[in-house]
Structure formats: C-alpha cells, structure tokens
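The block underneath contains the structure these notes are about, expressed in structure tokens.
2 protein chains.
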Amino acid sequence: MKKEYKGYLIDLDGTIYRGTEEIKEAAGFIEGLRSRNIPYLFVTNNASRTPAQVAQVLCDFGIETEADQVFTSAMATATFIAERQSEASVYVIGEEGLLNAIQEKGFTLADENPDFVAMGIDRKINYEKLVKACLAVRNGATFVATNSDAALVTERGLLPGNGSIASVISVSTGIQPIFIGKPESIIVEQALKVLGVDKKDTIMVGDNYDTDILAGINAGIDTLLVHTGVTTKELLKNYQEQPTHVIDTLADWKF
Amino acid sequence: MKKEYKGYLIDLDGTIYRGTEEIKEAAGFIEGLRSRNIPYLFVTNNASRTPAQVAQVLCDFGIETEADQVFTSAMATATFIAERQSEASVYVIGEEGLLNAIQEKGFTLADENPDFVAMGIDRKINYEKLVKACLAVRNGATFVATNSDAALVTERGLLPGNGSIASVISVSTGIQPIFIGKPESIIVEQALKVLGVDKKDTIMVGDNYDTDILAGINAGIDTLLVHTGVTTKELLKNYQEQPTHVIDTLADWKF
Chain A
1 MKKEYKGYLI
11 DLDGTIYRGT
21 EEIKEAAGFI
31 EGLRSRNIPY
41 LFVTNNASRT
51 PAQVAQVLCD
61 FGIETEADQV
71 FTSAMATATF
81 IAERQSEASV
91 YVIGEEGLLN
101 AIQEKGFTLA
111 DENPDFVAMG
121 IDRKINYEKL
131 VKACLAVRNG
141 ATFVATNSDA
151 ALVTERGLLP
161 GNGSIASVIS
171 VSTGIQPIFI
181 GKPESIIVEQ
191 ALKVLGVDKK
201 DTIMVGDNYD
211 TDILAGINAG
221 IDTLLVHTGV
231 TTKELLKNYQ
241 EQPTHVIDTL
251 ADWKF
Chain B
1 MKKEYKGYLI
11 DLDGTIYRGT
21 EEIKEAAGFI
31 EGLRSRNIPY
41 LFVTNNASRT
51 PAQVAQVLCD
61 FGIETEADQV
71 FTSAMATATF
81 IAERQSEASV
91 YVIGEEGLLN
101 AIQEKGFTLA
111 DENPDFVAMG
121 IDRKINYEKL
131 VKACLAVRNG
141 ATFVATNSDA
151 ALVTERGLLP
161 GNGSIASVIS
171 VSTGIQPIFI
181 GKPESIIVEQ
191 ALKVLGVDKK
201 DTIMVGDNYD
211 TDILAGINAG
221 IDTLLVHTGV
231 TTKELLKNYQ
241 EQPTHVIDTL
251 ADWKF
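Those protein sequences? They're chains A and B, same order as listed.
Taken in order, the first sequence gives residues 1 to 255; the numbers are from our numbering.
Taken in order, the second sequence gives residues 1 to 255; the numbers are from our numbering.
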C-alpha cells in the first residue's frame, strides 16, 4: 500500500509550469495539498529571482503562494555559507535572487579577498566579474555555486546555465565549486528543515530525473517523477534506480 | 654534434618578453638569426592582436619585426576554417586579432545559423555572445577555438584565458571545440608552411612545456625550452619526454 506522505518538496519549471506556459493539472494538485493541510515547499534551482518574485509568478498562474513557501538555490547557498562562517565576506556573481539572499544573511559584499565566491546565473556576466572570481578562488576563497545546470530551457532554445558559466572559474583555476542546488542533497536537506516534516514522510516531486529525482535519491527521500517536462518515459528507461513513483500528470496522483 | 637549424618558430610571452617587461637576451638571439639569414616566425597563441600590432610590440622592445614575421592562433583559426570551407559563414567571439583574421579570409560574419563558431579571448564577453555561440553549436556549427589556455599571465595575476571561457559552450552543449593553437600541431603545421623550411630542419622555441614544447613534439619537430618563463628546471623534471634542447636564457644558444 502506498505511503501517505506528510510533506512535499515540489519542483517548479516542468512540474508546475513550463516556462511561461501553465501546466493545467498543477493547480488541482496544489489544491489537493492545501485542502488536506499537507505542508509543501517549492524547491527551485532558479537563483535569479527572490522567493517573493517566484511566489508572484505562481500567483499569476492561479496558484496562490506566499514567499515562505518557496525555497531557492540562492537561499540554500546563503544558508550553506552561514553554516560554515556566520560573518563571512562574499563576492557574488548573480542576479537579484542571489544578491538578496546573501545580503539577508548580513554578509559583507567584497570584490577582493572574500572568504567565499557565490555564483549563480548572471545574464549580465562580463570578463571583469570572471576575473574577480578567478583571483578570489586562487587566493583561497571557497567557491560555491547555486547549481550545476548546464543549460536553461527557454523559448529561444537551450541557453547557457550556471553550471556552464561556473566552468570558466573551475577550468581556469583547477578548483571545482561546491554545488548547492539539485541534484545535490544540500538543498534538499535544508528544504526538509524549513518544511519541518520527517525525512521518511516527505516526497520530492519533479519532472527532471537528473536534478529533482536524483536530489531526492541523494538525500534519501522518496521521489515522484511526473512526465510533464524533461524526463520522458523513453528517457526514464535509461536509469537504473527508478523513482519511487511515476505519473503522467499531477492529476494522476492519489494523496 | 648539434644540428644546424634552418628555420625557427619562436614563442613570444616568456620567451622574447615577459608581459610588459623585456627579456634582455632576446634581442641578441633574434639578431643572431638575422645576421645568419635564418628564416624565423613568431608563433603566438595570443589571438587578441593583429600581426601588425604584435610586430609593433616587438619593435617597441627594440626587436625590429614586420607583420609577416608574426603568426597568431587567430590567423591559424581563419586558415583552418578556409581549408575546411572556403565560403563559410562564421560567428566570431573575439577581439581585433581574430575578427581581422576572419574578415581577411572573406568569410561572412553571421549571428545566426553560421557554419562555424570561432572563439578567441574576448574581454568584452557577455551572456548574449555566449547564447549565440551555444545556439549555433547546438544547431550544427563547427566549434573552433583559437587556443585552450586556461589562464592569462598578467600583472593582476592569472586571469581567465580562452580555454576557460570556451568551456561555457562545451559544458552547455556537450560539444568540445577544435583547438587550433599550441599545444595542438595545427598551428605548427600552418606556421611551417608559412616559414617554408623543412620540418626536419626547423625548431620550436619557447618557455612553456605545456604549449610550446608540446606543440613541437605533437608536430614532430625539434624543440628548445628556455627557462625564462613558465617551465622552470624544477617543473621540467615532471615531464617524461624532454625537449631536444634546454637553455637558461637565449644568450646560451649556439646557432
């Protein structure tokens, strides 16, 4: 008999919406959680937006969401640094989501000799930013990257993601970043703390085996793959360790 | 008895000068070649400058040089593309040296659906340029990079080189570039044609084992390592295949 999960960690793009397009089964799924008072948290690798901005996107799709129901890889990165060193100086490459998350922890922003380099997607990337990050990492700064996504799915096609831009620094310095987002367990462990539900009673929901499902597996929690995004049935056959549950759309889920 | 070489391929940075600093033994070495009428060609991975600009740098160091005595990885990249497809469209990321070399071959510059992506160091790199390169490579463009240098030696320290910036595209698309510059044999083979001297009578001179010496070895020509730059005596011990000749400074060379 299927377990009754008491907490849900839920991916966004490909699961709740697809770019600017709605996934129509998503609203009913979230309503199912709300009506049963089951705690849930949206967990996203997207480090460019603040949680309030992400919540607004969801509201625009008709899914009422508060900022505190959103957990981003930017927040997880800031928390990771805070756990290592509470009064750190940080050189940040990233957009509003990461900059805000770093500043909310009270870290000092530093261009030179920082304790950490925190790197997230930055569509205003330039050579000088890469120079500062390289010099800092060579100088001993701990190199942390919000996520290792090689590509971003957009209407224009697959654009460079944070994992590919971070490779400038890792190839140049020979030092690999600590990645925080899915498929790493780091973001999941943090999200579990925020959610406050036991690991054994929590499930990770997402469309992408290589990020969402692997993150759940790496953190040792049950997983639910939904075929509305990246990982099709065909692609799923290539993986040895299968998700705990697989459904075509979120409408197929029985709570 | 030492071979009398009839042609010299000579590295620049670390061999003839060091950044903005002169290497005082270099002028006498070049004068030695001139007075003996031995043909030589400066071969550099630096794709940012035109050959005329490089020649001017050498003149400023008191080493009289014409543009046609300079062979850059930018020129080698343009020649490589021309040999593959004479009327190609090319999307270029790079500075003046590469842009000029591409335009001198009469290629069409194209932002979309190019036949080739040619990438050299570009200190005005931005996200949109990386996007265009990624989309083009995913769309089937042949990805060519002037050189794989991970870092540039500068007064500020080791800054990101073309090899590290090119990794954005290779990590994002999963497609590796064809590298043209040293240590690849491609640039050496082309330089040999320009020099017009037999392979067996030509020697590659440089300070960096991983680029200059390896390029000579890969192209099957003799090599001369000079300890005025990157590869110290200590570092040289780590390499199994030793250069044909090793000297402390260019003043020690007997023609």
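No residue lacks a Cβ here, since even glycine has one placed at the ideal position from N, Cα and C.
Straight-line Cα distance separating residue j from residue i
i: A/Lys132; j: A/Ile165; result: 14 Å
i: A/Gly7; j: A/Gly220; result: 14 Å
i: A/Glu25; j: A/Trp253; result: 10 Å
i: A/Ala82; j: A/Val57; result: 28 Å
i: A/Asn126; j: A/Lys2; result: 50 Å
i: B/Thr295; j: A/Ala150; result: Nothing can be reported for residue 295 of chain B: it is not among the residues displayed for chain B, which extend from 1 to 255.
i: B/Gly196; j: B/Ile38; result: 11 Å
i: B/Leu159; j: B/Asn139; result: 31 Å
i: A/Gln85; j: B/Tyr40; result: 56 Å
i: A/Ile23; j: A/Tyr17; result: 5 Å
i: A/Gly28; j: A/Thr50; result: 25 Å
i: A/Met204; j: A/Asp198; result: 13 Å
i: A/Thr79; j: B/Glu128; result: 31 Å
i: A/Ala47; j: A/Asn147; result: 8 Å
i: A/Gln53; j: A/Phe107; result: 22 Å
i: B/Glu96; j: B/Phe71; result: 15 Å
i: A/Ala215; j: B/Leu225; result: 49 Å
i: B/Thr202; j: B/Leu9; result: 7 Å
i: A/Thr223; j: A/Tyr5; result: 11 Å
i: A/Thr211; j: A/Asp11; result: 10 Å
i: B/Asn208; j: B/Gly229; result: 7 Å
i: B/Thr232; j: B/Ala251; result: 17 Å
i: A/Asp60; j: A/Thr154; result: 19 Å
i: A/Ile247; j: A/Leu152; result: 24 Å
i: B/Leu192; j: B/Asp115; result: 27 Å
i: A/Glu234; j: A/Gly19; result: 22 Å
i: A/Lys200; j: B/Asp122; result: 50 Å
i: B/Gln69; j: B/Glu104; result: 17 Å
i: A/Glu21; j: A/Asp13; result: 10 Å
i: A/Asn162; j: B/Thr44; result: 32 Å
i: B/Gly157; j: A/Thr249; result: 53 Å
Same chain, Cβ closer than 6 Å to residue i, five either side skipped, listed in chain order
i: B/Ile30; result: Ile63
i: B/Ala76; result: Ile180, Ile187, Gln190
i: A/Ile213; result: Thr223, Leu225, Pro243
DSSP bridge partner residues for residue i (one or two, in chain order)
i: B/Ser89; result: B/Thr108
i: B/Phe71; result: B/Val43
i: A/Ile203; result: A/Tyr8, A/Asp222
i: A/Pro160; result: A/Ala151
i: A/Asp13; result: A/Tyr17
i: B/Phe255; result: None; B/Phe255 has no bridge partner.
i: B/Glu22; result: B/Tyr17
i: A/Ile217; result: For A/Ile217, which the question treats as bridged, DSSP gives no partner whatsoever.
i: A/Ile178; result: A/Val144
i: A/Ala118; result: A/Val92, A/Val144
i: B/Val194; result: Note: B/Val194 sits in no beta bridge, so no partner.
i: B/Val137; result: BP columns for B/Val137 are empty, so no partner.
i: A/Ile247; result: A/Val226
Residues near residue i in its chain [Cβ-Cβ closer than 8 Å; skip 5 each side]
i: B/Gln242; result: Leu236
i: A/Ile169; result: Val117, Met119, Leu130, Ala133, Cys134, Val137, Phe143, Ile175, Pro177
i: B/Asn113; result: Ser89, Ala136, Asn139, Ala141
Proximal chain A residues relative to residue i, where beta-carbon distance stays under 8 Å
i: B/Cys59; result: Chain A residues near B/Cys59: none, gap ~28 Å exceeds 8 Å.
Contact list for residue i against chain B, beta-carbon separation under 7 Å
i: A/Thr159; result: The identity of residue 159 of chain A in the sequence shown is Leu, whereas the question assumes Thr. Under the 7 Å cutoff, chain B gives Val131, Cys134.
Interface flag, residue i vs chain C, CB-CB below 9 Å
i: A/Lys182; result: Chain labels in this structure do not include chain C; the protein chains are A and B.
Cross-chain neighbours of residue i in chain B, by beta carbon under 9 Å
i: A/Gly163; result: Val171, Ser172
Per-residue contacts from residue i into chain A (C-beta, under 7 Å)
i: B/Val168; result: Pro160, Ser164, Ile165, Ser167, Val168
i: B/Asn126; result: Ile125, Asn126
i: B/Ala150; result: Val171, Ser172
Sequence-distant residues of its chain with Cβ nearer than 7 Å to residue i (five each side left out)
i: B/Val92; result: Leu98, Leu99, Ile102, Leu109, Ala118
i: A/Ala67; result: Pro51, Ala52, Ala55
i: A/Ala173; result: Here the sequence assigns Thr to residue 173 of chain A, which means Ala is not the residue at that position. Cβ within range, chain order: Cys134, Val137, Arg138.
i: A/Leu33; result: Tyr8, Tyr40
i: B/Pro183; result: Asp210, Thr211, Leu214, Ala215, Asn218
i: A/Tyr239; result: Tyr209
Residue i Cβ short of 8 Å to the ligand MG heavy atom set
i: A/Glu31; result: By its list of ligands, the structure shown contains no ligand whatsoever, and the ligand MG lies outside what it can speak to.
Residues that residue i contacts on chain B, provided the C-beta gap is smaller than 8 Å
i: A/Arg138; result: Gly157, Leu158
In the segment 192-210 of chain A, which residues sit with their C-beta less than 8 Å from some C-beta in chain B, listed in chain order?
none
Could you list the residues in the segment 66-92 of chain A with a C-beta less than 9 Å from some C-beta on chain B, going in chain order?
none
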